[in-house]
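Shown next, in structure tokens, is the structure this report addresses.
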Amino acid sequence: RFIELLRDVEGDGSNEYLLRHGAELVAGMIRSRLYQQLDYLKTTQLEKATKAHERFLAFG
Numbered sequence: 008r009f010i011e012l013l014r015d016v017e018g019d020g021s022n023e024y025l026l027r028h029g030a031e032l033v034a035g036m037i038r039s040r041l042y043q044q045l046d047y048l049k050t051t052q053l054e055k056a057t058k059a060h061e062r063f064l065a066f067g
């Protein structure tokens with residue numbers, strides 16, 4: 008339920024806010040190298056893919 012509160016308060020009810028916020032968090036985790044298994048994402052075209060189908064194809 009916290010995620011719904013975050014969306015409603017910070018994102019003015021927009022689910023797009025959650026997507027952007029999540030992407031920023033993941034990018035930060037990749038940069039921090041705290042989760043080294045996320046380094047795999049750098050080898051894909053995932054960071055450049057914006058559509059769901061493109062992201063699916065990027066994972067191969």
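Offset between the sequence shown (1-based) and my numbering: plus 7.
Heads up, the beta-carbon is just placed ideally off N, CA and C, and yes, glycines get one too.
Closer than 6 Å to a non-hydrogen atom of the ligand GTP - does that hold for the CB of residue i?
i	result
Gln43	Within the structure as shown, the ligand GTP is missing, as the structure has no ligands at all.
To which residues of the same chain is residue i closer than 6 Å at the C-beta, ignoring the five residues directly before and after it?
i	result
Ile16	For the sequence presented, residue 16 should be read as Val rather than Ile. Closer than 6 Å at Cβ, skipping near neighbours: no residue.
Val33	none
Quick check on residue i: does DSSP put it in helix, strand or coil?
i	result
Gly18	coil
Leu26	helix
Leu13	helix
Leu32	helix
Arg3	What is shown of the chain runs 8 to 67, which leaves residue 3 out entirely.
Apart from the five residues just before and just after residue i, which ones in its own chain have a Cβ nearer than 8 Å to its Cβ?
i	result
Arg14	Gly20, Ser21, Asn22, Tyr24 and Leu25
Lys58	none
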